[in-house]
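Undergrad:
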Amino acid sequence: MREKGQFWTPDWVAEAMVGYVLQGNPGHVFDPAVGAGAFLRATKVVAKELGQHPAFLGTEIDPSAFQQAHQHGLTMVDLDGVEIRDFMADPPQREFSAIVANPPYVRHHRLLKGAKKLLRIFAARTIGHPLDGRAGLHVYFLLQALQLLSRDGRLAFIMPADTCEGVFAPTLWRWITSRYALEAVVAFTPDASPFPGVDTNALVFFIKNTTPQAHCWWARCTQAGTVALKAWILSGFPETHGGALSVCRRTVSEGLMTGLSRAPTTRGPGGPRLGDFATVVRGVATGANEFFLLTLEQASTLGIPNAFLLPAIARTRDTGGEEITSVTLQALRRSGRPTVLLTLDGRPLEQFPGAVRAYLRHGEAEGLPQHALLATRRPWYKMERRVVPPILFSYLGRRNSRFILNTAGVIPLTGFLCVYPRKNDLAFLKKLWEILRHSATVANLALVGKSYGGGAIKVEPRALERLPLPVAVVSAAGLSLPMKYRQQEFGEGRRPWR
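If you count by the working numbering, then the sequence shown holds residues 6 to 503, one letter each, in order.
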């Protein structure tokens, strides 16, 4: 199912979404990714409640999905309006006034190169230029569906949060909200997730093909299986607080700035950011951890000289707490964890000591030079370099994202981000670390990170530099950001930790 991007929508969410598109009695409901028929079943239920008799139409690329539809009680008569068809390559040649879908969640790295190229061409023709290459198939489904939405028609899509958190999101949503009315967005707490156990954080978007509007409703659902969601939608989006649903009105401009997956914020664009005090770089990508990351015993057995080894750490859980020290490293070594990185320069293989040459030839025999990342390096064994970062940040945290003081002097791999203070001063470093550890600062990670299932947050380097630092916390730590300092940073650019 992961390869096909199929994650079936629960009835309580599907019925709420269908309730939105059936307002106005459209006469039909179209689902471009029918799957097991969750929205067909929901249409039968909600249409009966509303006294409507809409036709159900749809497309589905995977014929085997019909077997699951039959297992859920749907008949061939129910599925009569569904075509086996590639919605992106061969969309229906008509418009629809009611579109509802859970599009296939296929991330960009799972798309075939040729298919991705065609999708980017489609986006360029639709919005005027290609979307960033990290947009998944679900994003293109949304664009295609909007092209088929008739005037005053309604669309309800349930999608992963990266739809409004990815690099492509600002471009995508500026285009959508300048041409359509974004009426409402529904987010879910981890306990209310429509897809428990799946590594995605879902959102539901309600869009109408009418004059764009300056405001939209934003709701957070806190209880799985609640009937409150459908009742709220069928009642026309009333403002409500408490219970299983909290609702507020927000401006679309603020939503786009903050991120539609995130709760509204009154924080303005000013104020200190982490980037005012530090630069952020991703940890080292080895291309083959099993080859380059070694235990001390492995390195000794292989005869690798210490001159080619650097202390390193790969996993967040290996850090233990908020500081990694020499004691931490010793404990990891006793437990058999790899803690040294084979760090080679670009000299010819023949110029390395014999033990290193032998190990590299073993890697060549294993086909390492053909690995995706290593194939781009010249030579394939040349390792990325990082200055030891004074502070590490756990790259993908599940409710425990944290800043880690690196007193052990380790080089982190891609499980971490490297934080380099702009001042090479121990007192400055300690103050900055205290600011970053503060609960108010950690809470702001939700404003810059990508959200995933189970409360996980992923933060990219440039996004972490945009992390807002609470003014009161910065002041209490004794750090200030005078205008002279800002001018210096813009004038001289980023300075690495030395």
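Ideal Cβ positions, reconstructed from N, Cα and C, are used throughout, including at glycine.
Output the distance between the C-alpha atoms of A432 and E439, rounded to the nearest integer angstrom.
TA: Straight-line Cα distance between these residues: approximately 11 angstroms.
Undergrad: Keeping to the same chain, check which residues put their C-beta closer than 6 angstroms to that of L124; ignore five residues upstream and five downstream.
TA: For L124, where only same-chain residues beyond five positions count, the Cβ hits under 6 angstroms are Y145.
Undergrad: Start and end of the beta strand (DSSP E) containing N411?
TA: F408 to N411 is the span of the beta strand (DSSP E), which, as asked, contains N411.
Undergrad: Measure from the alpha carbon of Q218 to the alpha carbon of each residue in C226, E259 and T205, then state which is nearest.
TA: The residue with the shortest Cα to Cα distance from Q218 is E259.
Undergrad: Using three-state DSSP, classify E465 as helix, strand or coil.
TA: Coil.
Undergrad: By Cβ distance below 8 angstroms, which residues in the same chain neighbour V476 in space, the five residues on each side in sequence not counted?
TA: For V476, where only same-chain residues beyond five positions count, the Cβ hits under 8 angstroms are G276 and P277.
Undergrad: What did DSSP end up calling M93 once you bin it into helix, strand or coil?
TA: Residue state, collapsed to three classes: coil.
Undergrad: Could you work out which residue in A197, F193, V252 and H220 is closest to L208 when comparing CA atoms only?
TA: When each option's Cα is compared against that of L208, the closest is F193.
Undergrad: Closest by CA to F297, which one among K387, I181, V172 and P243?
TA: Per the Cα distances, K387.
Undergrad: Can you tell me whether E497 is helix, strand or coil according to DSSP?
TA: Since pLDDT at E497 reaches only 37, below the 50 mark, its modelled position is unreliable, and no value is offered.
Undergrad: At a cut of 8 angstroms, does the stretch 464-478 reach the stretch 250-266 through at least three beta carbon pairs?
TA: These segments do not touch.
Undergrad: Taking the C-alpha atoms as reference points, what is the distance between L148 and V172?
TA: Using only the alpha carbons, I get a separation of about 16 angstroms.
Undergrad: Identify the continuous beta strand (DSSP E) that holds I238 and give its terminal residues.
TA: Taken as a continuous stretch (DSSP letters only), I238 belongs to no beta strand (DSSP E), being part of the alpha helix (DSSP H) at A233 to L239.
Undergrad: For A89, which of Q98, N107, T64 and P109 has the nearest alpha-carbon?
TA: It is worth fixing the name first, because residue 89 is Ile in this sequence and not Ala. Measuring from the Cα of I89, the nearest candidate turns out to be T64.
Undergrad: Are there 16 or more other CB atoms within 10 angstroms of the CB of V232, so buried, or fewer, so exposed?
TA: Under this definition V232 is an exposed residue.
Undergrad: Closest to G288 by CA distance: which of L349, C423 and A129 is it?
TA: Per the Cα distances, C423.
Undergrad: Given this structure, state the Cα-to-Cα distance separating K435 from H143, to the nearest angstrom.
TA: Whole-angstrom Cα-Cα distance: 44 angstroms.
Undergrad: Do you know whose CA, among T227, A103, W223 and D430, lies nearest R254's CA?
TA: For the residues T227, A103, W223 and D430, the minimum Cα distance to R254 belongs to W223.
Undergrad: Verify whether the separation of the beta carbon atoms of P316 and V415 is less than 9 angstroms.
TA: Contact flag set, yes.
Undergrad: Tell me the rounded alpha-carbon separation between G483 and Y425.
TA: Using only the alpha carbons, I get a separation of about 19 angstroms.
Undergrad: The alpha helix (DSSP H) that contains D16, what's its start and end?
TA: Segment D16 to V26, the alpha helix (DSSP H) holding D16.
Undergrad: Are the beta-carbon atoms of P374 and R391 separated by less than 9 angstroms?
TA: Cβ distance not < 9 angstroms, so P374 and R391 don't count as in contact.
Undergrad: Relative to the alpha-carbon of F162, which residue among A236, F35, K118 and C226 has its alpha-carbon at the smallest distance?
TA: The option with the nearest alpha carbon to F162 is F35.
Undergrad: Leaving out the 5 sequence neighbours to the left and right, which residues in its chain are closer than 8 angstroms to L197 when beta-carbon positions are compared?
TA: Checking the sequence, you will find Ala at residue 197 rather than Leu. Cβ within range, chain order: C226, T227, Q228, A229, T231 and A249.
Undergrad: Can you check DSSP and say which residues form a bridge with T64?
TA: Answer is E88, bridged to T64.
Undergrad: Mind checking who P165 pairs with in its DSSP beta bridge?
TA: The partner list for P165 (beta bridge, DSSP) reads A207.
Undergrad: Using the rule of at least 16 other Cβ atoms within 10 Å of the residue's Cβ for burial, across every protein chain shown, is E371 buried or exposed?
TA: By the 10 Å Cβ count, E371 comes out exposed.
Undergrad: Going by DSSP, name the residue or residues bridged to P473.
TA: In DSSP, P473 forms a bridge with R278.
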